[in-house]
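Student: For reference, the structure I am asking about is given below.
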Amino acid sequence: MTDGLAPESVGQAGDPWAVEYDSHPLLDPAFPPRGSRLGQLTRLTFRRILRSDAAYAAELSRFYCPANIDAGRCMTFGELRTTTAGFLHEADVYLSAAIDLLPPESRMAVAPHEMVTQCDDLRDLMGISIHGASERVRFEARRKLCLAQLLLQIEQARNIQDGHLHKSLFEEILNEGLWRHTKQIHDLTVGFRLVDGGSRVEYSSRPTAGDMRWNFRSTFIEKQHDGRAVSLDVLYYNCRFKRSVAPVSFELVDDGSHRVVEKLRWSELRQETSGPVLSKMIRKGINNPAELGDIIGAMFIVNDNDALGELLQLLDSCVGTPFGWRNVTDTLSSAAEPGSELNTWSSRAFKVFKGDIDVLVQPEGTDRPYRFPVEVQIYTLEAYLRTVCGQHEASHQALKQRQFLYGLAPRLFPRRVYGADWLRL
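Residue numbering for the sequence shown follows my numbering, beginning at 21 and increasing consecutively.
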């Protein structure tokens, strides 16, 4: 979706390394600037906890112990340090996975200093960030502190904690309002190939030799709506909780069929991975996980634009109202402006109907209803096949690579610290 003047848009218009750090000041190579009140406060806090373990324990308890609960009954000093070490370790795991996404020849240039990676104590790491022997070491210590802080905020965010509940509530609504009208489920194999020099995808339900193939389990629905019977094939549906999603890559195997090969990044992170959430927060300059509107996402694939319109009507009959949609982008519409894009790094050939819909619920045991957002994406068959075809400019993998190289790498590995020649954008 169009994000207005999001930080990721700064570099695309000119120098990709010229990024804003207002949302994440610890990632700013120039932090702390002269006279910075935040810098002064950080130094005063470090001096206080350096002199006293009791002060250190009190400072750590503020991260984990609610203000209305006696910190002494919350966690012991040892538990506080162990828990903090876990988040600092997760920051290292995340950064290591990010470095693995760089071109192989660029990775050694940004490998973090061993002094930083081996430090899993907050007090010691703060000391390195202030008194480290080089600008690079001080930056890498601040970066680790920033990543660990964001991971903790994600862990403690209410929309993240309620993610599984909201996913199940949304799926219950769909089960009652949509899927119970299923008449038939059938398997469908689609063969497709690139034509016109790779700019267009040609597909057929009767694959021929040389075609790439994709298998669907199609659901045929028939529901009375607005005085008529709406018939619709939903070729694919998936609802996901962002923390539970493993990045998926697509590989063409020897028998000519397209197989999905899952490779989980951040696999060493505790419990479910916060990696995708953390990346988006940094890339888009978000410092509050509550601002993320796509924690719950639903994806549908239908045959064509006519079917997309029918699906929207069926969703409207059970999920919400036309007034409940926000941030809608429809690059599949005939009314869409030529070259319209979803965000800075999207290909102009990427086509989708996408928007956030607020779902009103009242979970059992609660006394008041509230709303939570679900990001809905609807693809036509051709538009979806573009995203899984690695050679097409609208492929999902190409988008993720652009988002990382242009949107994330300049923030994690700024040229003021690592120089200008280690990675050419």
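Just so you know, even glycine gets a beta-carbon here, dropped at the ideal spot from N, CA and C.
Drop a sphere of 10 angstroms on the beta-carbon of D253, count the other beta-carbons inside from all chains shown, and report buried for 16 or more, exposed for fewer.
Tutor: By the neighbour-count rule (16 or more Cβ atoms within 10 Å), D253 is buried.
Student: Exposed or buried, R444, counting other C-beta atoms within 10 Å across all chains shown (16 or more means buried)?
Tutor: R444 comes out exposed.
Student: Three or more beta-carbon pairs under 8 Å between the stretch 193-200 and the stretch 83-103, yes or no?
Tutor: Too few Cβ pairs lie closer than 8 Å, so no.
Student: Do you know how far the Cα of L214 is from the Cα of Q291?
Tutor: Only weak support exists for where Q291 lies, its pLDDT of 48 falling under 50; the value from the coordinates is given anyway. Computed Cα separation, rounded: 40 Å.
Student: Measure the C-alpha to C-alpha separation of R67 and F83 and round it to an integer number of angstroms.
Tutor: Each residue's Cα considered, the two are about 18 Å apart.
Student: Is any beta-carbon of chain B found at less than 9 Å from that of G340?
Tutor: You won't find chain B in this structure, because it holds only one protein chain.
Student: Is DSSP giving I377 helix, strand or coil here?
Tutor: It is a strand residue.
Student: For W345, list the residues DSSP reports as bridge partners.
Tutor: DSSP, once it has assigned bridges, lists I377 as partnering W345.
Student: In the stretch 117-202, which residue ranges form an unbroken alpha helix (DSSP H) of at least 4 residues, counting only runs that do not cross its ends?
Tutor: Here the runs fully enclosed are 134-137, 142-151, 155-176, 178-181 and 183-197.
Student: Can you list the alpha helix (DSSP H) stretches of 4 or more residues lying completely in the stretch 22-108, in chain order?
Tutor: For the stretch 22-108, whole alpha helix (DSSP H) runs of length 4 or above, ordered along the chain, are 28-33, 57-71 and 73-84.
Student: Would you please state the rounded distance, in angstroms, between the beta carbons of G317 and Q397? I believe it to be under 8 Å.
Tutor: Sure, about 7 Å apart at Cβ, within 8 Å.
Student: Pair every Cβ in the stretch 35-46 with every Cβ in the stretch 302-317, then say whether three or more of these pairs are closer than 8 Å.
Tutor: Yes: the two stretches touch, three or more of their Cβ pairs being nearer than 8 Å.
Student: Name the residue from S294, L380, P124 and A418 whose alpha carbon lies nearest to the alpha carbon of L189.
Tutor: It is L380.
Student: Residue range of the alpha helix (DSSP H) that T407 falls in?
Tutor: Taken as a continuous stretch (DSSP letters only), the alpha helix (DSSP H) holding T407 covers L401 to V408.
Student: Going by CA-CA distance only, name the one from Y390, H109, A131 and K374 that's closest to F320.
Tutor: With distances taken between Cα atoms, F320 lies closest to K374.
Student: So for E282, helix, strand or coil by DSSP?
Tutor: In this prediction, E282 has a pLDDT of 43, which is less than 50 and means its spatial position is unreliable; what the coordinates show is noted afterwards. Three-state DSSP puts E282 in a strand.
Student: Which residue marks the beginning of the beta strand (DSSP E) containing Q244, and which one marks its end?
Tutor: Unbroken beta strand (DSSP E) run through Q244: M232 to H245.
Student: From the DSSP secondary-structure annotation, give me the bridge partner or partners of Q204.
Tutor: According to DSSP, Q204 bridges with F240.
Student: Could you tell me the alpha carbon to alpha carbon distance between D231 and D144, rounded to whole angstroms?
Tutor: Cα to Cα, D231 sits roughly 58 Å from D144.
Student: Return the chain-ordered list of same chain residues with a C-beta closer than 8 Å to the C-beta of L298, the five sequence neighbours on each side being excluded.
Tutor: These residues qualify, in order along the chain: Y114, L167, L170, L171 and I174.
Student: DSSP on E395, reduced to helix/strand/coil?
Tutor: E395: strand per DSSP, three-state reduction.
Student: Using DSSP's beta-bridge definition, name the partner residues of E222.
Tutor: In the DSSP output, where bridge partners are listed per residue, E222 has R213.
Student: Below 8 Å CB to CB, which residues in the same chain sit around R162 once its five sequence neighbours on both sides are set aside?
Tutor: Only L46, L47, F51 and S149 meet the Cβ criterion.
Student: Which residues bound the beta strand (DSSP E) around N258?
Tutor: N258 -> beta strand (DSSP E) spans R248 to F261.
Student: Give me the Cα-Cα distance between A177 and H186, rounded to the nearest whole angstrom.
Tutor: Near 14 Å, if we compare the C-alpha coordinates of H186 and A177.
Student: Tell me whether A310 sits in a helix, a strand or coil according to DSSP, three-state version.
Tutor: In the structure shown, A310 sits in a helix (DSSP, three-state: H, G or I).
Student: Quick one: is Q423 buried, meaning 16 or more other Cβ sit within 10 Å of its Cβ, or exposed?
Tutor: Result: buried.
Student: How would you call A117, buried or exposed, if buried means at least 16 neighbouring beta carbons within 10 angstroms?
Tutor: By the neighbour-count rule (16 or more Cβ atoms within 10 Å), A117 is buried.
Student: Please name the residue in I119, R63 and T239 whose C-alpha comes closest to that of M146.
Tutor: Among I119, R63 and T239, the Cα nearest to that of M146 is on R63.
Student: I believe V408 touches W199 by the beta-carbon criterion, under 8 Å. Please report the beta-carbon distance rounded to the nearest angstrom.
Tutor: The pair is not a contact, with the Cβ atoms about 24 Å apart (cut-off 8 Å).
Student: Roughly how many angstroms separate the alpha carbons of G31 and Y426, rounded to a whole number?
Tutor: With a pLDDT of only 44 at G31, under the threshold of 50, the placement of this residue in the model should not be trusted, and no figure is reported.
Student: For D350, which beta-bridge partners are listed by DSSP?
Tutor: D350 is bridged to F373.
Student: With distances taken between CB atoms, is the gap from G313 to R263 smaller than 9 Å?
Tutor: Cβ atoms of G313 and R263: not closer than 9 Å.
Student: For the alpha helix (DSSP H) containing V297, name the first residue and the last one.
Tutor: Unbroken alpha helix (DSSP H) run through V297: G295 to K304.
Student: To the nearest angstrom, how far is the alpha carbon of Y438 from that of H109?
Tutor: Roughly 23 Å between the two C-alpha positions.
Student: Just to confirm, is the Cβ distance from Q251 to F240 under 9 Å?
Tutor: Checking the sequence shown, residue 251 turns out to be Ser, not Gln. Contact: yes.
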